[in-house]
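So the sequence lines, in the order shown, correspond to chains A and B. Final position of the first sequence in the working numbering is 220; the numbers increase by one with none missing. Final position of the second sequence in the working numbering is 532; the numbers increase by one with none missing. Note that the Cβ used here is the ideal one computed from N, Cα and C, for glycine as well. Notes follow the structure.
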Amino acid sequence: MRAGFLAAILLVAGGYSYGAFADLSYLSSAGRLGPGFFPRIIGVSLMALCAYSLYADVRRGRAAEALSPFWRTVAAVAALSAAFVVLLDLIGGLLAMIAFMAAALAFLNRGRHLQNALLALVLPVGFYLLFKVWLNAAMPRGLLPLPF
Amino acid sequence: MDIFANLLLGLSVAVSPINLAWLFLGVMLGMVVGIIPGFGPAAALAVLLPVTFGMEPTGAVIMLAAIYYGSQYGGTITSILLNTPGESSTVAATFDGYPLAQQGRAGPALVMQAVASFVGGTLGVVLITVLAPLFSRLTRSFGPPEFFLLVMMGLLTLIVMVGGNWRYGVISALIGFALGTVGVDLETGNSRFTFGSAELIGGIDFIPIAIGLFGLGELYHAFYTGLHATGTGGIVQYQKERRFWPEVRDFAETKFALVRGSLLGFVIGVIPGAGATVASLMSYSVEKSASRTPEKFGKGAMAGLVGPEAANNAASSGAMVPLLTLGIPGSGATAVLLAAFVLWGLTPGPLLMAQKPEFAWGLIASMYLGNVALLALNVFAIPLFVQLVKLPYRVLAPAVILICTIGTYSVNGSIIETVLMFVAGVFGFYMKLYGFSPAALVLALVLGPLAEQSLRQSLTISRGSFAIFLERPMSLWIVGVTAAILALGVVMRRARRVI
Numbered sequence: 073m074r075a076g077f078l079a080a081i082l083l084v085a086g087g088y089s090y091g092a093f094a095d096l097s098y099l100s101s102a103g104r105l106g107p108g109f110f111p112r113i114i115g116v117s118l119m120a121l122c123a124y125s126l127y128a129d130v131r132r133g134r135a136a137e138a139l140s141p142f143w144r145t146v147a148a149v150a151a152l153s154a155a156f157v158v159l160l161d162l163i164g165g166l167l168a169m170i171a172f173m174a175a176a177l178a179f180l181n182r183g184r185h186l187q188n189a190l191l192a193l194v195l196p197v198g199f200y201l202l203f204k205v206w207l208n209a210a211m212p213r214g215l216l217p218l219p220f
Numbered sequence: 034m035d036i037f038a039n040l041l042l043g044l045s046v047a048v049s050p051i052n053l054a055w056l057f058l059g060v061m062l063g064m065v066v067g068i069i070p071g072f073g074p075a076a077a078l079a080v081l082l083p084v085t086f087g088m089e090p091t092g093a094v095i096m097l098a099a100i101y102y103g104s105q106y107g108g109t110i111t112s113i114l115l116n117t118p119g120e121s122s123t124v125a126a127t128f129d130g131y132p133l134a135q136q137g138r139a140g141p142a143l144v145m146q147a148v149a150s151f152v153g154g155t156l157g158v159v160l161i162t163v164l165a166p167l168f169s170r171l172t173r174s175f176g177p178p179e180f181f182l183l184v185m186m187g188l189l190t191l192i193v194m195v196g197g198n199w200r201y202g203v204i205s206a207l208i209g210f211a212l213g214t215v216g217v218d219l220e221t222g223n224s225r226f227t228f229g230s231a232e233l234i235g236g237i238d239f240i241p242i243a244i245g246l247f248g249l250g251e252l253y254h255a256f257y258t259g260l261h262a263t264g265t266g267g268i269v270q271y272q273k274e275r276r277f278w279p280e281v282r283d284f285a286e287t288k289f290a291l292v293r294g295s296l297l298g299f300v301i302g303v304i305p306g307a308g309a310t311v312a313s314l315m316s317y318s319v320e321k322s323a324s325r326t327p328e329k330f331g332k333g334a335m336a337g338l339v340g341p342e343a344a345n346n347a348a349s350s351g352a353m354v355p356l357l358t359l360g361i362p363g364s365g366a367t368a369v370l371l372a373a374f375v376l377w378g379l380t381p382g383p384l385l386m387a388q389k390p391e392f393a394w395g396l397i398a399s400m401y402l403g404n405v406a407l408l409a410l411n412v413f414a415i416p417l418f419v420q421l422v423k424l425p426y427r428v429l430a431p432a433v434i435l436i437c438t439i440g441t442y443s444v445n446g447s448i449i450e451t452v453l454m455f456v457a458g459v460f461g462f463y464m465k466l467y468g469f470s471p472a473a474l475v476l477a478l479v480l481g482p483l484a485e486q487s488l489r490q491s492l493t494i495s496r497g498s499f500a501i502f503l504e505r506p507m508s509l510w511i512v513g514v515t516a517a518i519l520a521l522g523v524v525m526r527r528a529r530r531v532i
């Protein structure tokens, strides 16, 4: 998996370097160092280092690390976080927070229904009051014409 | 005399009722942030940045700085009672703090760590008071070559000293530099890597990246290691009434460790990139070497707890010196503090102390008061924070995700930045899992534009000759110090294997 991660960075670094060489000039029109100077150094260095690290890992024959038994929990929490971000834009900040807390606590804090219900309501309302009402900070409104 | 007058000016700013209130709120929040594993000061500062938008600049920075150094105090409580460091800089406190608690000496360990943190933090602020103006005067002669070398020094120090695979550290920094090049090139006005997106013209804001890497990424990793499943069943109980206070011999045995840890921590903290974690681990190593009974280390030696605690707090004070006088942060958390300064229209650097004395000295003076407040909190309000330690991670974690997400959105009201924060969180998880350095990435992202600008200016001045980095006396000094730090890093890596 580490090799896959390095390979992904190498791929992106390749695209970045291509952009630095193809689209950005090394010298500016005034003859000074241009916008491509620094990105070219960074892109080439990144590619070289990723390629070497990948080679060193493969040559060492590093066995694939065993997955933690909790990887499913990580995947589920990440999926819930992603759904939360999507919901923010759809149903607005307050409802999305309540939905996320309810789902996350139902998954992580199983069996404690009353505690979960209370937390899923009290914390989002608290954050809403803190950010929106007290601090007047931006809070997603969502697509529905709700008053909050 | 100047220093004394400036400090009085700073105190007059810091003791205003509103600034005292922000200071107290900051140290309380810092304690809480320190206690929550997987939620460090960098993420907390980034999340709380929008909270300070309605505040007066000095009060805002006083509060944010208090969160930063307050977290060093809080992180130790979980190290001692739960054998789980709240912060990476309090890892060393688990070596002897937890064994002390298991021996029924949790009370003395908690009080001694508070005293050590106070001594380290306060001595660090005294040294800032004396040295920051000198640094400020010294660095006024710095030009582009020196600034470029300082940025490189900070990043190399971070990569070499913190440990792990150095190649992965450099890759992390290069990714940060690459992200820093997105947006309009300020010298030529050309767009770079914006793909026609209006959102990217201004560059990638580092706040969502910092919250993602340090907040979500750490949290996912904590789940991966099963922190939510372990619960707090292993917490060591202690009695507030009996055997709570340290004995005279505890102070007698650790008086030199306190001073050594404080001085070592401050010096390491001043070096950009080194930071509190390196300081505490080095202090532990020094104390073990200096002890007449090194065999007691790891089994409940009070000096093994006190030295590193003094060191990490002194280091967090020391890190303020390059931040205030050069505008160069040495860690993820101080990078967020730098962003806060810039948001308030304050430009940290050689002229800050001369041009905005009420701000710079107000911040320094507030750190004296903050350390006193933290000492009192740590001694008299420990039961309150122990209750927080008992909160299960499976309940805390969703609340942290909530804060990270809403905090990111509220900075600019941008859903794209919120998505970016989530992507950075997933990327940060893999970085942590495979030994890369999120701190190096964030630091390079923040310092990337300065590095590029100063490199291009230096080469323009020298007409393309890299010899400019070795021709000026100050540049040579910085190169020499960097070489020394790299050599020390190699020695430390070997020493760490021995420990």
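* So what does DSSP say about B:Gly71, is it helix, strand or coil? -> If DSSP states are grouped into helix, strand and coil, B:Gly71 belongs with coil.
* **chain A residues whose Cβ lies nearer than 9 Å to that of B:Phe226** => Close partners of B:Phe226 in chain A (Cβ separation under 9 Å): Tyr88, Gly91, Ala92, Asp95, Leu96, Pro111.
* Asked: For the candidate residues B:Gly365, B:Leu474, B:Ala387, whose alpha-carbon lies nearest to that of B:Tyr201?
  -> Nearest of B:Gly365, B:Leu474, B:Ala387 to B:Tyr201, Cα basis: B:Leu474.
* A:Gly106 touches chain B at which residues, Cβ-Cβ below 7 Å? -> The contacting residues are Thr221.
* Asked: Between the beta-carbon of B:Ala309 and the beta-carbon of B:Ala75, is there less than 9 Å?
  -> When the beta-carbon positions are compared, B:Ala309 and B:Ala75 stay at least 9 Å from each other.
* Give me the Cα-Cα distance between B:Thr441 and B:Ala142, rounded to the nearest whole angstrom. => Between B:Thr441 and B:Ala142, the C-alpha separation is close to 37 Å.
* Anything in chain A within Cβ reach of B:Phe210, meaning under 7 Å, just list it in chain order. => Under the 7 Å cutoff, chain A gives Ile114.
* Asked: Is the segment 50-62 of chain B close to the segment 94-102 of chain B, with three or more CB pairs under 8 Å?
  -> Result yes; three or more Cβ-Cβ pairs closer than 8 Å.
* Within chain A, the residues that B:Leu492 reaches when beta carbons sit closer than 8 Å -> Within 8 Å Cβ-Cβ: Leu105.
* **Exposed unless 16 or more other CB atoms sit within 10 angstroms - verdict on B:Ser313** => Buried.
* With 16 as the cutoff for other CB atoms within 10 Å, does B:Trp394 come out buried or exposed? -> Here B:Trp394 is buried. Its C-beta has 16 or more other C-beta atoms within 10 Å.
* Does the segment 292-309 of chain B come close enough to the segment 336-345 of chain B that 3 or more CB-CB pairs lie under 8 Å? -> Touching, yes, given that three or more Cβ pairs across the two stretches are closer than 8 Å.
* To do: Quick one: list the residues of chain B neighbouring A:Ala154, beta-carbon separation under 7 Å, in chain order.
  => Per Cβ cutoff of 7 Å: Phe455.
* With contact counted as at least three CB pairs below 8 Å, one residue from each stretch, are the segment 152-161 of chain B and the segment 397-407 of chain B in contact? -> At 8 Å Cβ cutoff, the stretches touch.
* Same chain, Cβ closer than 6 Å to B:Lys321, five either side skipped, listed in chain order -> Closer than 6 Å at Cβ, skipping near neighbours: Pro327, Phe330.
* **B:Gly92 versus B:Phe499 - alpha carbon distance** => Roughly 43 Å between the two C-alpha positions.
* What whole-angstrom Cβ distance do B:Ile436 and B:Val80 have, given they're in contact under 8 Å? -> That belief holds up - the Cβ atoms of B:Ile436 and B:Val80 are roughly 5 Å apart, short of 8 Å.
* How should B:Ile36 be labelled, buried or exposed, when 16 other C-beta atoms within 10 angstroms of its C-beta is the threshold for buried? -> Looking at its Cβ environment, which holds fewer than 16 other Cβ atoms inside 10 Å, B:Ile36 is exposed.
* Asked: Got a sec, what are the start and stop residues for the alpha helix (DSSP H) A:Leu159 sits in?
  -> Element bounds for A:Leu159: 143-163.
* Work out the CA separation of B:Gln490 and A:Leu105 for me, nearest whole Å. => Distance between the alpha carbons of A:Leu105 and B:Gln490 is about 9 Å.
* Check B:Val217 in the structure and name its three-state DSSP category. => Note: B:Val217 maps to strand in three-state DSSP.
* Asked: Among B:Lys288, B:Val203, B:Met145, which has the Cα closest to the Cα of A:Leu78?
  -> Residue B:Val203 holds the alpha-carbon nearest to the alpha-carbon of A:Leu78 among B:Lys288, B:Val203, B:Met145.
* To do: Report back the beta-carbon spacing between B:Val444 and B:Phe72 to the nearest angstrom; my notes put them in contact at under 8 Å.
  => The pair is not a contact, with the Cβ atoms about 18 Å apart (cut-off 8 Å).
* Asked: Just checking, does the segment 406-422 of chain B make contact with the segment 106-126 of chain B on the three C-beta pairs under 8 Å criterion?
  -> These segments touch.
* Per-residue burial, B:Arg427 [other beta carbons within 10 Å of its own, 16 or more giving buried] -> With 16 or more other Cβ atoms within 10 Å, it is buried.
* To do: Closer than 6 Å by C-beta to B:Lys464: which residues in its own chain qualify, once you throw out the five before and the five after it? Chain order, please.
  => It should be noted that the sequence gives Met, not Lys, for residue 464 of chain B. Counting only Cβ-Cβ distances below 6 Å, and skipping sequence neighbours, we find Pro471.
* Looking at the C-beta of A:Ile163, does it have a partner C-beta in chain B at a distance below 9 Å? -> Between A:Ile163 and chain B, the shortest Cβ-Cβ separation is not below 9 Å.
* **Coarse secondary structure for B:Ser470, derived from DSSP in three states** => Note: B:Ser470 maps to coil in three-state DSSP.
* Would you mind telling me which residues of chain E sit closer than 7 Å to B:Val203, beta carbon to beta carbon, in chain order? => Judged by its chain identifiers, the structure shown contains no chain E, and its protein chains are A and B.
* Asked: Along the segment 433-457 of chain B, what residues have a CB closer than 7 Å to any CB found in chain A?
  -> Residues Ile434, Leu435, Thr438, Ile439, Tyr442, Ser443, Gly446, Ile448, Thr451, Val452, Phe455.
* **Limits of the unbroken alpha helix (DSSP H) element including B:Trp278** => B:Trp278 -> no alpha helix (DSSP H), and no H or E assigned at all.
* Does any CB atom of chain B fall closer than 9 Å to the CB of A:Tyr127? -> At least 9 Å separates the CB of A:Tyr127 from every CB of chain B.
* Report the rounded CA-to-CA distance for B:Phe256 versus B:Leu41, giving the unit in angstroms. => Computed Cα separation, rounded: 48 Å.
* Asked: Does at least one heavy atom of the ligand NAD sit under 8 Å from the Cβ of B:Leu408?
  -> For the ligand NAD, the structure offers nothing, since it holds no ligand at all.
* Asked: Would A:Ala138 count as contacting chain B if we go by Cβ distances under 9 Å?
  -> No Cβ of chain B is located within less than 9 Å of the beta carbon of A:Ala138.
* Within its chain, find whatever has a CB closer than 7 Å to the CB of B:Ser508; leave out the 5 residues flanking it on each side and keep chain order. => Only Pro178, Glu179, Leu182, Phe502 meet the Cβ criterion.
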